[in-house]
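Colleague: Below is one structure. I have some questions about it.
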Amino acid sequence: MSDYPSDRCVVVKLIAAIRQWAESEDEVVFPEAGSRPVPHLPVLPDGIKCTASDNGKMCGYIRRGLKHIQEHCREEHRWENSRIRGRPRNGPQELPSTMWMEGVHCQKFQGAGRLGRLFERSLEMVFTQATEALERANRKAIDEIRADTNRFEVHKWLNRVGWARHLKGLDRGKKEKALDKVCFAAETVMWKAQQASRSSVVRIAAMNYINRREMGSETNEKPFNARQTGKTMERYSSRWLEVIRYILRTHRLDVVSQKDQGRTDGDEG
Numbered sequence: 001m002s003d004y005p006s007d008r009c010v011v012v013k014l015i016a017a018i019r020q021w022a023e024s025e026d027e028v029v030f031p032e033a034g035s036r037p038v039p040h041l042p043v044l045p046d047g048i049k050c051t052a053s054d055n056g057k058m059c060g061y062i063r064r065g066l067k068h069i070q071e072h073c074r075e076e077h078r079w080e081n082s083r084i085r086g087r088p089r090n091g092p093q094e095l096p097s098t099m100w101m102e103g104v105h106c107q108k109f110q111g112a113g114r115l116g117r118l119f120e121r122s123l124e125m126v127f128t129q130a131t132e133a134l135e136r137a138n139r140k141a142i143d144e145i146r147a148d149t150n151r152f153e154v155h156k157w158l159n160r161v162g163w164a165r166h167l168k169g170l171d172r173g174k175k176e177k178a179l180d181k182v183c184f185a186a187e188t189v190m191w192k193a194q195q196a197s198r199s200s201v202v203r204i205a206a207m208n209y210i211n212r213r214e215m216g217s218e219t220n221e222k223p224f225n226a227r228q229t230g231k232t233m234e235r236y237s238s239r240w241l242e243v244i245r246y247i248l249r250t251h252r253l254d255v256v257s258q259k260d261q262g263r264t265d266g267d268e269g
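In the numbering used here, the protein residues as written are 1 to 269.
Structure follows, in structure tokens:
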């Protein structure tokens with residue numbers, strides 16, 4: 001930083017503009033227990049919190065070792081271990097008196113020193129932050145369209161038309177939000193159609209008409225069966241949504257001539 005005085009001046013000005021900046025360790029304000037975990041700081045799940053009460057207020061001191069919390073309770077709150085040394089006696093044993101709670105989630109600003117003090121984190125907030133982080137990771141993973149290389153997934157017709165090759169490397173922009181709404185509406189229509197295509201809704205005559213010979217059925221006596229499972233409907237709707245997405249993403253691309261298409265196919269072969 002000493003080699004770049006202009007950058008140093010900028011950093012100093014930016015820091016000075018932060019009104020809540022602590023100039024010393026005494027001015028550091030530790031977060032409250034019910035607040036969200038501090039980003040980029042690890043959450044420690046093995047804290048032990050002192051539950052002793054002084055003047056109606058809980059102590060709340062946290063350490064990460066039973067020996068350390070016992071020393072604190074002994075020195076600060078005159079705690080005594082009720083368990084007698086030696087071999088335990090026969091019969092039911094009385095549980096030792098404690099004034100602490102284990103399994104407390106906590107964080108700390110640094111490894112040692114005054115800023116190394118552990119402060120409690122809300123378990124609910126920890127799970128909320130972890131869930132949000134997972135969702136962000138999932139959104140980031142799907143932002144870039146990649147080819148399907150999983151050999152256990154059967155998408156032969158997708159590979160044949162080259163959709164993955166056409167869309168590979170494209171980033172999702174603002175228009176993708178509109179596409180998501182279109183897909184959501186289309187999927188809603190599919191599920192509502194599946195619910196409406198039941199004999200209890202449209203009667204058996206309509207079911208037979210849907211599944212007539214003119215539509216590819218072998219006979220006119222077998223009614224249409226709309227009682228597909230949830231997984232079947234998910235696979236069915238996902239294929240149609242792939243078609244919709246492909247059309248809307250590529251309808252403005254330049255048309256490839258048959259000559260260029262043949263050259264491309266030859267290069268791939």
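Glycine included, C-beta positions come from ideal geometry on N, C-alpha and C.
For a quick check, are the C-beta atoms of Met101 and Trp79 less than 8 Å apart?
Modeller: Position 101 of the sequence shown, counted from the first residue, corresponds to residue 101. Position 79 of the sequence shown, counted from the first residue, corresponds to residue 79. For Met101 and Trp79, no; Cβs fall outside 8 Å.
Colleague: In its own chain, which residues sit with a C-beta less than 7 Å from the C-beta of Ala22, not counting the 5 before and 5 after it?
Modeller: Within the sequence shown, the letter at position 22 stands for residue 22. Here the set comprises Val28.
Colleague: Pull the bridge partners of Gln107 from the DSSP assignment, please.
Modeller: Counted from its first residue, the sequence shown places residue 107 at position 107. In DSSP, Gln107 forms a bridge with Phe119.
Colleague: Tell me whether Glu197 sits in a helix, a strand or coil according to DSSP, three-state version.
Modeller: As a working mapping, residue 197 is identified with position 197 in the sequence shown. The amino acid at residue 197 is misidentified as Glu; the sequence shows Ser. Looking at Ser197 - three-state DSSP - the assignment turns out to be coil, as it is neither helix nor strand.
Colleague: So what does DSSP say about Met233, is it helix, strand or coil?
Modeller: Stepping through the sequence shown from its first residue, residue 233 is reached at position 233. Helix at Met233.
Colleague: Here's the rule I'm using: 16 or more other beta-carbon atoms within 10 Å means buried, otherwise exposed. How should Gln107 be labelled?
Modeller: By 1-based counting over the sequence shown, the position of residue 107 is 107. So Gln107 ends up on the buried side.
Colleague: For the beta strand (DSSP E) containing Lys49, name the first residue and the last one.
Modeller: Working through the sequence shown from its first residue, we reach residue 49 at position 49. Its beta strand (DSSP E) spans residues 44-50.
Colleague: Here's the rule: buried if 16 or more other CB atoms are within 10 angstroms of the residue's CB, otherwise exposed. What is Leu118?
Modeller: The sequence position of residue 118 within the sequence shown is 118, counting from 1. Buried, since its Cβ has 16 or more Cβ neighbours within 10 Å.
Colleague: Exposed or buried, what is His40 when buried is set at 16 or more other beta-carbons lying within 10 Å of its beta-carbon?
Modeller: In the sequence shown, the residue the question calls residue 40 occupies position 40. Its Cβ having fewer than 16 others within 10 Å, His40 is exposed.
Colleague: Identify, in the order they occur along the chain, each residue of the same chain with its Cβ nearer than 8 Å to the Cβ of His77, setting aside the five sequence neighbours on each side.
Modeller: As a working mapping, residue 77 is identified with position 77 in the sequence shown. Once the five neighbours on either side are set aside, the close Cβ partners of His77 are Cys50, Ala52, Asp54, Cys59, Met99.
Colleague: Between Tyr246 and Glu218, what straight-line distance do the alpha-carbon atoms span, to the nearest angstrom?
Modeller: Here residue 246 refers to the residue found at position 246 when the sequence shown is read from its first residue. Here residue 218 refers to the residue found at position 218 when the sequence shown is read from its first residue. Approximately 33 Å between the Cα atoms of the pair.
Colleague: Just grab the DSSP bridge partners of Ile247 for me.
Modeller: Translated into positions along the sequence shown, residue 247 becomes position 247. Its beta-bridge partners do not exist; DSSP assigns none.
Colleague: Drop a sphere of 10 angstroms on the beta-carbon of Pro37, count the other beta-carbons inside from all chains shown, and report buried for 16 or more, exposed for fewer.
Modeller: As a first step, residue 37 must be located in the sequence shown, where it is residue number 37. Its Cβ being crowded by 16 or more others within 10 Å, Pro37 is buried.
Colleague: Does the separation of the CB atoms of Ile62 and Val104 fall below 8 Å?
Modeller: Reading the sequence shown from its first residue, position 62 is the one you call residue 62. Reading the sequence shown from its first residue, position 104 is the one you call residue 104. Val104 sits close to Ile62, with the two beta carbons spaced by under 8 Å.
Colleague: Among the candidates Val189, Asn208, His251, Arg213, whose CA atom is the shortest distance from the CA of Met233?
Modeller: Within the sequence shown, numbered from 1, the residue matching residue 233 stands at position 233. Among Val189, Asn208, His251, Arg213, the Cα nearest to that of Met233 belongs to Val189.
Colleague: What does Asp54 pair with, by DSSP beta-bridge criteria?
Modeller: Here residue 54 is taken as the residue at index 54 of the sequence shown, counted from 1. Paired residue(s): Lys57.
Colleague: Helix, strand or coil for Met101 per DSSP?
Modeller: Here residue 101 refers to the residue found at position 101 when the sequence shown is read from its first residue. Strand.
Colleague: Can you give me the start and stop residues for the alpha helix (DSSP H) that Leu66 sits inside?
Modeller: Locating residue 66 in the sequence shown gives position 66, where the first residue counts as 1. Per DSSP, Leu66 belongs to the alpha helix (DSSP H) from 66-77.
Colleague: With DSSP collapsed to three states, give me the class of Arg63.
Modeller: Your numbering for residue 63 matches position 63 in the sequence shown. In this structure, Arg63 counts as strand in the three-state DSSP scheme.
Colleague: Which of the three DSSP states is assigned to Arg8 in this structure?
Modeller: Walking along the sequence shown from the start, residue 8 turns up at place 8. The answer is helix: DSSP assigns Arg8 an H, G or I state.
Colleague: For Phe30, which option in Gly162, Glu71, Gly116, His72 has the closest C-alpha, if you only look at C-alpha atoms?
Modeller: The residue labelled residue 30 in the question sits at position 30 within the sequence shown. Minimum Cα distance to Phe30 is reached at Gly116.
Colleague: Which residue from Gly113, Lys67, Phe109, Glu32 puts its Cα closest to that of Ile48?
Modeller: For the purposes of this step, residue 48 is taken as residue 48 along the sequence shown, with counting starting at 1. Out of Gly113, Lys67, Phe109, Glu32, Lys67 has the C-alpha closest to the C-alpha of Ile48.
Colleague: On the three-state DSSP scale, how would you describe Lys222?
Modeller: In the sequence shown, residue 222 corresponds to position 222, counting from 1. The DSSP-derived three-state label of Lys222 is coil.
Colleague: Closest by CA to Arg249, which one among Arg212, Leu179, Lys231?
Modeller: Counting from 1 along the sequence shown, the entry for residue 249 is found at position 249. Cα-wise, what sits closest to Arg249 is Leu179.
Colleague: Does DSSP put Ala147 in a helix, a strand or coil?
Modeller: As a position in the sequence shown, residue 147 is number 147, starting the count at 1. Bear in mind that a pLDDT of 49 at Ala147, under 50, signals an unreliable position, so the model cannot answer this.
Colleague: Note down the Cα distance separating Pro42 from Gly113, rounded to an integer number of angstroms.
Modeller: For the purposes of this step, residue 42 is taken as residue 42 along the sequence shown, with counting starting at 1. For the purposes of this step, residue 113 is taken as residue 113 along the sequence shown, with counting starting at 1. Using only the alpha carbons, I get a separation of about 17 Å.
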